[in-house]
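Since the structure comes first, as structure tokens, the remarks are kept for the end.
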Amino acid sequence: MKWLLLLCGALSLSLTTAGSSYNFFRLPTALRPQKYDLRILTILEDLEDLRFNGTVKIQIEALQNTNNITLHSKDLAINDTQITLRQISGEGNPDNCITSTEINPTHDFYILNTCQELLSGHVYELILPFSAKLQEQLAGYYRSSYEDPVANETRWISITQFEPASARLAFPCFDEPGYKAPFAITLGYHKKLTGLSNMPVKETKPHESLPDYVWTQFQESLPMSTYLVAYSINDFSHKPSTLPSGTLFRTWARPNAIDQCDYAAEFGPKVLQYYEQLFGIKFPLPKVDQIAVPDFSAGAMENWGLVTYSESLLLYSAEYSSQEDKQELANTVAHELAHQWFGNFVTMNWWNDLWLNEGFATYVASLGLENIHPEWRSMQLESVSNMLTIFRRDSLESSHPISRPIEMVSQISESFDDISYEKGSSVLRMMHLFLGEESFRTGLKSYLERYAYKNAEQDNLWESLTQAAHKIGALPKDYELKIIMDSWTLQTGYPVINVTRDYTTRTAKLTQERYLLNSNASGIHRNGCWWIPLTYTTQEEKDFNNTAPQTWMECSESGDSLPKTIKDLPGPDQWVIFNNQLSSPYKVNYDAQNWKLLIDTLNSDEYDTIHVVNRAQLIDDISYFAWTGEQDYDVALKLISYVERERELLPWKSVFDNLKAVNGIFRQTPNFKFFKRYIRKLITPIYEDLNGINDTNPAIQQPDQILLKTMVANWACSYQVSDCVTQSLSYFRSWQSEANPDENNPVPIAFRSIVYCTSIEHGTDEDWEFLWTRYQKANVATEKETIMDSLACSLEVWQLQRYLGRIFDAKGAIRKQDSAGVFQSIASTNIGFLLAKKYLMENVDSISEFYHPQSEYMAEFLAPLSEQIFTRKDYNEFKTFIVNSKKVFKDVEQATSQALEIILTNVQWKERNYEKFTLALQKLLNTF
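Okay, so the sequence shown: first residue is 0 according to numbering that gives the first Met the number 0, each after it adds one.
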């Protein structure tokens, strides 16, 4: 029984065990848990043996007659001789027992064969004892630590991370989202520590045999899925907040970081209150705890009533955290608290509809931020950022539908991606806009009330929303939301609408097809039809605020695309723009005359008569069409050139996102000098207009202007524009001359990442060591992240080689949760790219072992490399590497397919566009 971890000496295992004959990936449906009593003792005092043991008592209802109980258990020592089973309701003999156990390691099944048949309609009580070491991996029930600077000691805590399928690492259970049940949790721990769980404390009493230990019993929870169960033993401090509803709200952190909890403690209750109003449903639990965990790989997790975060996403310091850090923190808290309704209150039935959780939480979070911080204009920023992300990801043949089949645990982990989150959010925003506010809110409330404390599928949501929309008149009676939305959630990719105008008849013919980056993809892969709510405006109207559909592009019953003719358009001297404010996730390619009219307006003083979101859209669309050869780079660069006069964040974000893709390839070629000149000419005006990286312009206080200034400065220093490098070095030298640089930092917060990186790039070995020392002494997680990323900017090969070694040192200063991010930072630099690629290829097995068994980490090493490989030779070499390492990458097949496809599209771009792009650049530079 090698699958068991034998702890606390040898266990007496007298029952027969055998390999399992049951091999389906889902649990059998004969049984259903009615309630869990979970009792766990955690030992954090023996540093050589951090462990836990406990018992779980599960009340199980038999829905069909069966001779066995199949549940999940992984890496737990279970003493079979102490398992008890008895009937607690129904007629007949209450005594029962276990004859033998089986295991299925592929699906983590633990199967108990019963002495007597379990009868339909009867309820049974199963008691299982278990024990294990506290995991070192950041999943299941695991350990984390921090350094107490006063005592100069390491402090240990325990914490859980069960999503998607790691509750089975902590206790035997029915570890699927559809098996909801109430949990009564009791935690045992040393009395000097604190125990937290999903619910408030019911009572605490001394342990019956261990001196100085206590048992804390928590109130019974509402029915919930196992992945939402959470508990922690720690010595943290907390900051209380107040809610008008009386809900207790607390924010927890290690004692020496409690002063960084103020913002989260203020923002969290506000957004929770907003959701109560938005959904018309009161938060159902008596308390919310949110806790900052030193070691946490998931970013944040919405456990019901005990929300867990990595420190950088919950803690904020006005002295160290930037505006971008603050907005990311608020967005994360809003996201996790949205889950308390979407995911916790109503849960997807199976992981194929993960997007019902993640897409909703992403979209609703942006509504919450817009309500609480309208000055951030985050709704626009979030919408455009999401679109830019999915236009890249979902243009790959190797992408996947929002709702996808799931048949292995590794496939669940791979679904936590841009498609579930950002594309899910984008199609919900589209739906919100075409349904209108009243239908959207009424339908959501109906859905949440109908499936409260239960599980649902996307069809259940469409049904509730359709009923509301038909009743209110927001959707024609012959339109079913399911048909419309299935075209977006069950189909991979997104459409491009080709608009061909007839300027004589003042009409336009619209056709749609799937947009693909791979220009050699066969026509069959471009098939598909989406129900598209069409919005458009003209040069005369400029009514960009009308985001309700003026008409629809429809699909036939067989799923074929139906062309659309738009009438009453203006003449040949006026443009038309489709997709007002990017209300739906599709691209638009116009005929040559319409593009010319748009370029003329953008390159005039009237450029801002086109809505800022649509300016970002036009830049993104024409950049993609130039990439795939559907537009000339002459035309694309003419349009992009208008941004010399642009002073808004979103169009510049669109420019930089698209230039980054070209930059990754072009900077490795002989003609890069033209690209450098182009970038310098493009951004010098705005850099100087915004006063460079000086922090003294009182006019720049608007948050999105701060983000714009940071983004521009980042590129300016990379391309040695104006005084960016010299000013960065000046700031850095001032910091180095401080008597106490860990307390006093004169570098403006908004520019620290730029100043640090630039100074390391142009600095000495002593500069690198100075910054590394600051990393080791920093107490703010966002500052540590900024420093880690900046240390990767070195041009010294030996420093980067040493740094690569440090990030995979299990006992080193860099935490496992940060290692992949640092690798990405190294791989994204000119020098670091080749070193990182070579390092991965030579050390892939040891890196995989470093993360074992959390193999999903391996996906994170592929993206930064794939974006910079662009020759056939290197493509074939990387493909061979992937094939030879298939054992290491077996659980991230989606990531490997996407990496190889991105490289292939880079190869195609280089072979098709390199000369054309160079000529277009040279021509443009002569006209600047």
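Just so you know, even glycine gets a beta-carbon here, dropped at the ideal spot from N, CA and C. All values reported here derive from a predicted model rather than from experimental measurement.
For serine 236, the uninterrupted beta strand (DSSP E) run begins and ends at 236-240, by DSSP.
Listed in chain order, the non-local C-beta contacts of glutamate 275 below 8 Å within the same chain comprise Ser244, Lys281, Phe282, local neighbours out to five positions each way being set aside.
Taking each of Phe750, Leu127, Asp258 in turn and checking the Cα distance to threonine 100, the smallest one comes out for Leu127. Nearest C-alpha to leucine 37 among Val55, Glu687, Leu26, Ala29: Val55.
Secondary structure of tryptophan 251 (DSSP, three-state): strand.
Note that the C-beta distance between alanine 169 and leucine 75 is below 9 Å. By the neighbour-count definition (other C-beta atoms within 10 Å, threshold 16), phenylalanine 173 is a buried residue. When secondary structure is reduced to three states using DSSP, tryptophan 354 falls in the helix class.
The closest CA to that of isoleucine 786, considering only Leu770, Asp458, Leu794, is found on Leu770. A distance of 9 Å or more separates the beta carbons of alanine 812 and alanine 858.
A straight line joining the alpha-carbon of asparagine 739 with that of glycine 804 spans about 30 Å. Relative to the Cα of histidine 431, the nearest Cα in the group Asp764, Phe359, Glu448, Asp559 belongs to Phe359. In this structure, the beta-carbon distance from isoleucine 156 to aspartate 45 does not fall below 9 Å. Nearest to proline 163 by C-alpha distance, out of Trp714, Thr491, Trp350, is Trp350. Asparagine 743 counts as exposed, since fewer than 16 other beta carbons sit within 10 angstroms of its beta carbon. In this structure the segment 761-768 touches the segment 717-736; the number of beta carbon pairs closer than 8 Å is three or more.
Boundaries of the beta strand (DSSP E) harbouring proline 205: 200-205, taken from the DSSP string. In the three-state scheme derived from DSSP, where H, G and I count as helix and E and B as strand, glutamate 265 is classed as helix. Boundaries of the beta strand (DSSP E) harbouring tryptophan 155: 152-160, taken from the DSSP string. In this structure, glutamate 60 sits near histidine 121, with a CB-CB distance shorter than 9 Å.
Of Val408, Gln115, Asn662, Gln136, the smallest CA-CA separation from threonine 828 is found for Asn662. Under the rule that a run must span 4 or more residues, the alpha helix (DSSP H) segments found entirely inside the segment 751-835 read 751-760, 764-776, 780-790, 796-806, 815-826. The way I'd put it, the segment 415-426 does touch the segment 379-395; three or more beta-carbon pairs between them come closer than 8 Å. Glutamate 335 and alanine 299 have their C-alpha atoms spaced approximately 7 Å apart.
In the DSSP annotation of this structure, the continuous segment of the beta strand (DSSP E) that includes valine 122 starts and ends at 122-132. Separation of the CB atoms of phenylalanine 433 and proline 548 is rounded to 5 Å, and the pair is thereby assigned contact status at 8 Å. Counting along the chain, threonine 105 sits inside no beta strand (DSSP E), nor does DSSP assign it H or E at all.
Annotated three-state conformation of tryptophan 651 is helix, per DSSP. By the C-beta criterion, the segment 131-150 is judged not to be in contact with the segment 62-72, since fewer than 3 inter-stretch pairs fall below 8 Å.
Per DSSP, tyrosine 677 is one residue of the alpha helix (DSSP H) stretching across 671-688. For glutamine 580 and tyrosine 502, the gap between their C-alpha atoms comes out near 25 Å. In the DSSP annotation of this structure, the continuous segment of the beta strand (DSSP E) that includes isoleucine 59 starts and ends at 50-61. Taken in chain order, the complete alpha helix (DSSP H) segments of 4 or more residues contained in the segment 531-606 are 591-601. In the DSSP assignment, leucine 638 falls within the unbroken alpha helix (DSSP H) covering 632-639. Between aspartate 211 and the set Gly187, Thr550, Leu26, the nearest pair of CA atoms involves Gly187. For glycine 139, the beta-bridge partners assigned by DSSP are Gln160.
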